[in-house]
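Worksheet: the structure to be examined is printed underneath.
Residue numbers (the working numbering): 2 to 75.
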């Protein structure tokens, strides 16, 4: 187990009542291994509403909708 996973495992066990989110860090790094520790991930830092449609749609081809998070600016 890598150090990152060790840290997440400790946090998850220490605070089981908290639902954690992770971030794709600019997109393209949606990590399926992190879904165990943080079951929802921001798919991209891009908050443009039109761009988010394509990002969310593309991500939905591989990941369940419940695992995707994000926000948009109008």
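Ideal placement from N, C-alpha and C gives every residue a C-beta, glycine not left out.
For residue i, the three-state DSSP class (helix, strand or coil)
i: residue 60; result: helix
i: residue 48; result: coil
i: residue 18; result: coil
i: residue 34; result: helix
Residues of its chain near residue i, where Cβ-Cβ distance is below 7 Å and the 5 sequence neighbours each way are ignored
i: residue 53; result: 47, 71 and 73
Close beta carbons around residue i, own chain, < 6 Å, minus the five adjacent residues each side
i: residue 23; result: 35, 39 and 42
Beta-ladder partner(s) of residue i, from DSSP
i: residue 24; result: 43
Cβ-based burial, residue i [other Cβ within 10 Å; buried from 16]
i: residue 25; result: buried
i: residue 67; result: exposed
i: residue 11; result: exposed
Contacting residues, own chain, Cβ-Cβ under 8 Å from residue i (five flanking each side not counted)
i: residue 57; result: 44, 69 and 71
i: residue 61; result: 69
For residue i, the nearest candidate out of the options (CA to CA)
i: residue 21; options: 63, 37 and 4; result: 37
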